[in-house]
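The structure under discussion appears below in the form of structure tokens.
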Amino acid sequence: MSSSSIWFQKGIGPGTIITLDQPVPSHWQIMKKLNEYNYQLDDDDLRFVPYRGTEMDDADTRASQAMTLIPQELIAYQDLTKKESSNTPKLLGYSISTQDTSGPVPGGFAVWLVWEMVPGLRLGSKNGPDAFWALDADEREEIRIAFVDALQKMKGIGCLSDTAALTSLVWHRESRTLYFIGFRDRNAGKFDKLRVDARWVARYGLAIPNSNAWRKEGWNGDTSDWKW
Numbered sequence: 002m003s004s005s006s007i008w009f010q011k012g013i014g015p016g017t018i019i020t021l022d023q024p025v026p027s028h029w030q031i032m033k034k035l036n037e038y039n040y041q042l043d044d045d046d047l048r049f050v051p052y053r054g055t056e057m058d059d060a061d062t063r064a065s066q067a068m069t070l071i072p073q074e075l076i077a078y079q080d081l082t083k084k085e086s087s088n089t090p091k092l093l094g095y096s097i098s099t100q101d102t103s104g105p106v107p108g109g110f111a112v113w114l115v116w117e118m119v120p121g122l123r124l125g126s127k128n129g130p131d132a133f134w135a136l137d138a139d140e141r142e143e144i145r146i147a148f149v150d151a152l153q154k155m156k157g158i159g160c161l162s163d164t165a166a167l168t169s170l171v172w173h174r175e176s177r178t179l180y181f182i183g184f185r186d187r188n189a190g191k192f193d194k195l196r197v198d199a200r201w202v203a204r205y206g207l208a209i210p211n212s213n214a215w216r217k218e219g220w221n222g223d224t225s226d227w228k229w
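If you read the sequence shown in our numbering, its first letter stands for residue 2, the second for the next number, and so on.
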């Protein structure tokens, strides 16, 4: 169950030093609060079924399984980093612990993670004009070519960004690299049947179709009247 509650009203803000222990010990200073996303779980969501093969183990063993709920976002970044993805932020560090007496839920689990801020221009905006369409036509076409190549790589890795939109894309002009960002929900799976074509270019907002014909079965593939 999600709500608009603000949990970290004090104690965690600019200047706070966060200590992480995985994969190696590291320290990070919070420079600025960009946003806060609150997602609360109901009691039923936290009543875990014991791991297979441990159903009859002692209570302490079974209780330890319910201490931590690993966020899908952390799993996604672990997987992308392990597979050496060159088109997504790298996981720089994380820590899984319990909250102390000053935490929002004393004794509850706390997961911290830090990932790379990829360089470049974010191609979409949630609050204004999309930067992509302010670029010249030649660079937009270069980005589309890079997008097709990058999406093929993501398909092979088995993970896509949560949202198909310009806001999920960052273009680094100097290295000619297109990055995908946004993996909170871990959109993972087998994408063997995913065909990287003009439809995907349109889904991500890199082209504007003149109608909804491209969304229908049997579309003839005509993109001559699209905005490129």
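The beta-carbon is built from N, C-alpha and C at its ideal position, and this holds for glycine as well. Bear in mind that the values here come from a model prediction, so they are computed numbers and not experimental data.
Worksheet item: Exposed or buried, which one is W172 when buried takes at least 16 other CB atoms within 10 Å?
Response: buried
Fill in: 8 Å contact criterion, which T178 and N88 should meet: CB distance rounded
7 Å
Practice prompt. Throw me the rounded Cβ distance for the K91 and W116 pair, which I believe falls under 8 Å.
Written response: Going by Cβ atoms, the distance from K91 to W116 rounds to 7 Å, so yes, they are a contact pair.
Fill in: Validate contact between the stretch 118-134 and the stretch 213-223 using beta carbons, cut 8 Å, 3 pairs
Counting C-beta pairs with one atom in each stretch, the stretch 118-134 and the stretch 213-223 have fewer than three that are closer than 8 Å, which means they do not touch.
Worksheet item: Taking the C-alpha atoms as reference points, what is the distance between A147 and G206?
Response: Roughly 14 Å between the two C-alpha positions.
Worksheet item: Based on the DSSP output, what are the partners of F181 in its beta bridges?
Response: L170
Worksheet item: Roughly how far, in whole angstroms, is the beta-carbon of D163 from the beta-carbon of D193, given that I think they are within contact range, below 8 Å?
Response: Not really, about 21 Å apart at Cβ, beyond 8 Å.
Worksheet item: Between A199 and G222, which are expected to be in contact by the criterion C-beta below 8 Å, what is the C-beta distance as a whole number of angstroms?
Response: 7 Å
Worksheet item: To the nearest angstrom, how far is it from the Cα of L75 to the Cα of N188?
Response: 12 Å
Worksheet entry | Assigned exposure category for S225 - 16 Cβ within 10 Å defines buried | With fewer than 16 other Cβ atoms inside 10 Å of its own Cβ, S225 counts as exposed.
Worksheet item: Is F110 helix, strand or coil by DSSP?
Response: strand
Worksheet entry | Continuous alpha helix (DSSP H) assignments of at least 4 residues falling wholly in the stretch 73-152 | 73-83
Worksheet entry | Candidates A138, S212, A151, P24: closest to I97 by CA position | P24
Fill in: Alpha-carbon spacing of E140 relative to Q79, whole angstroms
Straight-line spacing of the CA atoms in E140 and Q79 works out to 32 Å.
Worksheet item: CA-CA distance, D22 and E175?
Response: 33 Å
Fill in: N-terminal and C-terminal residue of the beta strand (DSSP E) that W29 is part of
27-30
Fill in: Simplified DSSP state of K34, which is helix, strand or coil
Note: K34 maps to coil in three-state DSSP.
Discussion item. Please state the DSSP three-state secondary structure of A189.
Written reply: It is a strand residue.
Worksheet item: Going straight from the alpha carbon of K83 to that of L152, what length do you get?
Response: CA-to-CA, the gap between K83 and L152 works out to about 18 Å.
Worksheet entry | R204 to L167 span [Cα, whole Å] | Near 9 Å, if we compare the C-alpha coordinates of L167 and R204.
Practice prompt. Confirm, please, whether the CB-CB distance from W227 to P210 is below 8 Å.
Written response: yes
Item to complete: State the Cα-Cα distance for the pair R48 and I71, rounded to the nearest angstrom.
Response: Unreliable positioning characterises R48 in this predicted model, as indicated by a pLDDT of 48, which lies under 50. A coordinate reading is not provided.
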